[in-house]
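Residue numbers (my numbering), protein chains in the order written: chain A, 3 to 343; chain B, 9 to 322; chain C, 80 to 357.
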Amino acid sequence: MRRGEPAVARLLAENELDSILARVAERNALWVPAGDGEQSAFALYRPGLALRQEAGPTRRTAKEIFFPRTEILFTYGEDDGPPRLEAPPAEVLPAVVYGLRPCDARALTMLDPVFEDPGYPDGLWGGRRRGATLVGVGCTRPSRACFCTSVGGDPAGEEGLDVLVVPIPGHYLARAVTDRGEEWLQALDLPRAGPDHEAAAVRAAAAGAGLAVVDTEGLPAKLERMFGHAVWEQLHERCLGCAACTYLCPTCHCFDIVDEGGSRLRNWDSCMFPLFTLHASGHNPRLSGKERMRQRIMHKFSYYPQRQGRPACVGCGRCVEVCPVNLDLRSVLAQLKGVEA
Amino acid sequence: MPVTDALRETAAQLLAEGTVQVVLGWERGTLPLRTTPLPARTVEEAGRLVADATCDNNLTLYLTRLKEERVGLVARPCEARALVEYLREHRVTPGRVLAIGVPCTGMLSRRALEARLGGRLPEAGRLDGDQVVGTAGGAEERIALAEVLEPACRGCRLPDAAVYARVLGHPCPPAGDRHTLLQRSDNLAADARYAEFVEAAARCLRCYACRQACPLCYCAECFTDRSAPAWVGPSDDLSDTMLFHLTRAMHLAGRCVDCGACVRACPVGVDLSHLNLALGREAAQRFGYRPGLDPADRPLVATFRPDDPEEFIR
Amino acid sequence: MNPYLPHLATIQEIIPETASQDVKTFRVVFTDPEIRRSFTYQPGQFAEVSLFGAGEAPISITSSPTQEGYLEFSVKRAGVVTTALHYRQVGDPVGIRGPYGNNFPYRDMEGQNIVFIGGGIGLAPLRSLITFVLDPANRSRYAGISIIYGARSPGDLVFKWELERWGERDDVDLQVTVDRGDDEWTGRVGFVPQILLDLAPRPDNTVTVTCGPPIMIKFVLQNLEKLGFTPAQIVTTLEMRMKCGIGKCGRCNIGSSYVCQDGPVYTYEQLRKMPAEY
């Protein structure tokens with residue numbers, strides 16, 4: 003968007019959403035939040051598919067659209083034949099993602115510097131990202147585990163989005179955030195909306211719904227002194243060492259690379275697994291759950307901030323919901339913030 | 009006396025007199041109708057213990073992680089059955105664990121409750137006798153606990169009473185034969201059953217929450233964590249995911265105590281407990297073996313009798 | 080450009096290093112002549128070596144940029160990939176991508192004495208720099224060159240042919256030691272850290288470069304400090320489990336430092352400020 007030029011807000015009638023999405027899906031791959039409860043995820047749109055809108059964040063994150071659980075880096079042919087290397091075409095893949103929460107989009111912007119580091123751009127992530135138009139829906143009803151405002155987020159935040167849609171009675175108010183978003187909205191040919199303050203209203207509504215507050219002020223700097231702190235001993239005690247938190251985290255991006263059936267594959271991996279750092283010699287620098295949990299917290303709230311200037315957490319609350327033993331990240335952060343160091 | 013009060017009092021006393029150095033129990037969690045494991049080491053911490061229908065996790069798995077010499081274990085029938093297996097498999101030494109038996113009303117299924125609340129997670133909730141009171145989208149609903157019970161609790165089995173050192177109230181009566189839960193899958197045609205398995209495997213993320221939450225899945229090195237040779241690949245290949253679940257089920261045959269902790273731990277709602285149930289039924293029907301009941305029993309796969317049915321190895 | 084796609088190369092020569100053959104040196108040549116010319120690297124860098132069907136592993140380049148036309152990797156048989164590599168024969172294909180990581184600060188070392196302290200297979204990354212500074216084009220830029228190298232037994236010494244050549248030179252002080260000798264061994268017997276103390280190199284205008292098993296490194300560091308070396312004068316190179324090699328897969332970090340990009344070469348001064356998690 004050009005500076006100083008407020009985007010024109012457009013109105014999208016609630017009962018026309020499905021037909022509009024159907025039109026969008028005719029031209030592009032269209033991802034929408036769908037499904038119930040633990041089975042909710044972003045799915046490719048098909049007519050009649052019920053969108054998950056009010057029921058809270060999808061259990062599975064939008065990162066999967068750009069960073070699938072398993073993907074082929076290249077193929078090499080038969081295991082014992084001469085290798086014939088073939089990479090998937092590095093292309094821009096046009097797609098629209100509708101119905102992201104602002105935190106979902108913000109999380110993608112945190113992964114961009116990892117995957118698209120100018121030294122070694124990862125074409126697979128980049129191709130999907132460059133081709134995708136992200137249409138977010140402002141969050142009027144945060145979930146019980148949400149704490150986005152405690153980590154720099156905003157229920158009506160625009161970061162990472164091309165278009166922000168705000169629900170108002172009977173309608174959605176759509177406004178472009180980027181030129182790409184403006185183009186996309188213009189193509190839909192929607193009526194203009196009157197002057198509005200709806201984004202502010204969304205914020206107020208979200209605040210009223212009781213967004214959790216976690217004081218993370220100064221935590222990254224403090225954590226730099228806390229690697230050897232005794233508190234880690236207690237913090238990990240209940241942790242089971244599964245990867246539910248990391249696999250359902252929108253900013254966790256660790257992966258493994260293996261050869262299987264003629265392809266070199268990239269698979270999700272988790273710092274919570276002992277195998278993650280196990281050397282071929284048998285040595286393991288992160289031997290116990292303590293070191294592994296410390297790595298997860300430190301990566302998000304100390305190491306990533308040291309490299310990228312902000313914590314790698316958007317406060318979506320998924321890890322809080324999925325932890326089998328209710329080891330709540332918000333309490334962990336509060337404890338880290340509270341102890342002497 | 010309400011069970012929570014009795015529990016806190018007993019735990020505090022055991023800690024104060026030094027009978028145990030830690031009491032492994034639950035305390036209120038940070039989300040509505042959730043609890044979290046609490047290793048209570050002081051009288052003050054004992055004052056936070058709770059035991060009710062929201063205690064999701066099977067605590068027995070923490071026994072071997074604790075360094076203390078004497079451990080109090082708050083034990084519902086689920087913990088007690090797992091403890092029986094631990095004793096039988098020499099995972100804990102007899103006498104290290106003092107099991108404090110608490111009554112169990114069956115566990116609240118978070119999944120069932122969410123469905124009853126219109127697909128929403130409750131913003132607030134509490135137990136009120138045999139009722140669950142949940143608030144979702146601002147509306148409060150009152151639901152009988154019996155209607156939103158964990159499937160695993162519909163056929164509880166009580167271990168030998170001798171496994172408990174203390175008993176605080178009466179455990180719930182067995183609510184029927186657990187194996188009747190298999191009727192649905194028994195009645196499915198093989199291809200329909202396979203289709204369900206495929207669907208579940210496709211959804212599984214291989215986060216291993218099921219394995220980690222299981223008290224009997226305690227191998228120091230799981231076969232999935234072996235890299236040379238890699239028995240099972242880490243990708244989303246269906247056959248690898250199926251292999252993981254089938255092998256896990258086989259490794260738990262005659263050992264699974266039906267606590268359902270694996271199902272509750274799954275973040276994406278995969279429920280393959282019928283695999284464990286079906287193998288448990290084999291163990292029961294063919295070998296008369298019911299895991300988790302009697303510490304004096306020999307482990308199923310370490311037992312041989314000349315008259316064991318063996319037509320399958322013909 | 081897909082950063083995970085390796086260049087194809089062929090194994091040109093395999094040199095068994097240790098008596099048990101658990102270490103071999105592989106000389107590989109890129110298939111594409113253009114890559115052969117354009118693939119440049121610095122001493123201390125590593126590459127991801129691919130065995131298609133087995134996977135890939137990060138391995139330090141043990142040859143020197145002064146040796147043109149090929150790359151050499153000395154590999155101890157340990158995990159899946161290195162075992163697969165040990166089964167390969169001359170003429171077999173491998174994949175190479177890189178070079179990755181930082182390098183030994185050889186420019187900063189100019190005009191100084193260099194003391195190399197290696198143990199076992201830890202000589203492999205040092206050899207790249209040793210060959211580089213001993214090259215006729217570079218030798219005059221550096222003052223005295225000493226090499227202290229040890230292994231558990233005579234059979235475990237690597238680069239014996241190289242050791243011989245270095246030993247013959249007047250401008251290199253080579254000291255080879257083994258933890259335990261055998262009937263034929265007439266050289267030094269003793270642990271590397273102790274030999275270091277005995278030789279007592281002087282710290283002024285000297286930089287040390289060390290690599291070896293963790294227990295050796297631990298005592299070498301202690302003894303260097305005893306000899307008056309400052310942490311900034313001690314350079315080492317680390318080994319970590321890596322996958323991508325390009326700062327994305329998230330497993331090789333020590334604190335906020337990614338060994339694949341910010342390392343593997345660190346001064347002891349840098350390491351002391353990092354969490355001890357390696």
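Backbone N, C-alpha and C define an ideal beta-carbon position, used for all residues, glycine too. Computed from a prediction, not measured in an experiment: that's the story for all the values here.
Secondary-structure assignment with DSSP links Phe211(C) through no beta bridge to anything.
The DSSP assignment places complete alpha helix (DSSP H) segments of no fewer than 4 residues inside the region 107–144 of chain C at 112–117, in order along the chain.
Excluding residues up to 5 positions away in sequence, Gly133, Arg134, Glu148 and Arg150 lie with their Cβ nearer than 7 Å to the Cβ of Val141(B) in the same chain.
Gly199(C) is positioned such that its CB atom lies closer than 8 Å to that of Pro292(C). Residue environment for Val206(B): exposed (fewer than 16 other C-beta atoms within 10 angstroms of its C-beta). When 9 Å is used as the limit between beta carbons, Gly134(C) is near these residues of chain A: Ile259, Val260, Asp261 and Arg266, in chain order.
Looking at the DSSP output, Arg174(B) shares a beta bridge with Ile108(B). The beta carbon of Asn66(B) sits no closer than 8 Å to any beta carbon of chain A.
The criterion of a C-beta distance shorter than 8 Å is not satisfied by Gly146(B) and Arg128(B). Taking C-beta atoms under 8 Å as the contact rule, Gly300(B) and Arg165(B) qualify, at a distance of about 7 Å. Sequence-ordered contacts of the region 11–45 of chain B with chain A read Gly37, Thr38, Leu39, Pro40, Arg42, Thr43, Thr44 and Pro45 [C-beta pairs closer than 9 Å]. If you ignore the 5 residues before and after Leu74(B), its C-beta comes within less than 8 Å of the C-beta of Val30, Leu32 and Pro47, all in its own chain and listed in chain order.
One finds Leu213 and Cys215 in chain B with Cβ atoms closer than 7 Å to the Cβ of Tyr249(A), taken in chain order.
Looking at the DSSP output, Glu243(C) bridges to nothing. Residue contact check for Val316(A) against chain B: no CB pair falls below 8 Å.
At the C-beta level, Pro275(B) and Val324(A) come within 8 Å of one another. If you draw a 10 Å sphere on the C-beta of Gly170(C), you find fewer than 16 other C-beta atoms in it, and that means exposed. Look at the beta carbons and you see the region 311–330 of chain A not touching the region 269–283 of chain A: under three pairs across the two are nearer than 8 Å. Not flagged as an interface residue toward chain A: Pro314(B), since no C-beta distance is shorter than 8 Å.
Identification of chain B residues near Glu40(A) by a Cβ-Cβ cut-off of 8 Å yields Arg119, Cys274, Pro275, Val276 and Gly277, ordered along the chain.
Residue pairing by DSSP places Glu35(B) opposite Thr44(B) and Leu57(B) in a beta bridge. A straight-line Cα-Cα distance of about 21 Å links Gln301(C) and Ile224(C). Residues of chain A with a Cβ closer than 8 Å to the Cβ of Arg330(C) are, in chain order, Cys256, Asp271, Cys273, Phe278 and Thr279.
For Ser333(A), the enclosing alpha helix (DSSP H) stretches over residues Leu331 to Gly340.
Residues Ile333 of the same chain have their beta carbon placed closer than 7 Å to that of Glu356(C), with the five preceding and five following residues left out of the count.
Across the region 114–136 of chain A, CB contacts with chain C closer than 8 Å involve Val116, Phe117, Asp119, Gly121, Tyr122, Pro123, Asp124, Gly125 and Leu126, in sequence order along the chain. For Phe320(B), the closest C-alpha among the options Ala310(B), Asp302(B), Asp305(B) and Glu290(B) is that of Glu290(B). Residues of chain C whose Cβ lies closer than 8 Å to the Cβ of Ala109(A) do not exist, since the nearest Cβ in that chain is about 15 Å away. At least 8 Å separates the CB of Arg25(A) from every CB of chain B. Within the region 325–337 of chain A, contact with chain B at the beta-carbon level (separation under 9 Å) is assigned to Cys325, Pro326, Val327, Asn328, Leu329, Asp330, Arg332 and Ser333. Excluding the 5 residues flanking it on each side, Gly307(C) has same chain C-beta neighbours closer than 7 Å at Pro282, in chain order.
In the three-state scheme derived from DSSP, where H, G and I count as helix and E and B as strand, Pro35(A) is classed as strand. For Ala57(A), the residues of chain B that pass the 7 Å Cβ criterion are Gly127 and Arg128, in the order they occur in the chain. The beta carbon of Phe270(C) sits closer than 8 Å to those of Gly229, Thr256, Asp258, Met295 and Phe298, all from its chain and outside the five residues before and after it, given in chain order. Annotation: Tyr94(B) to Arg84(B) spans about 15 Å, alpha carbon to alpha carbon.
Collapsing the DSSP output to three states places His259(B) in a helix.
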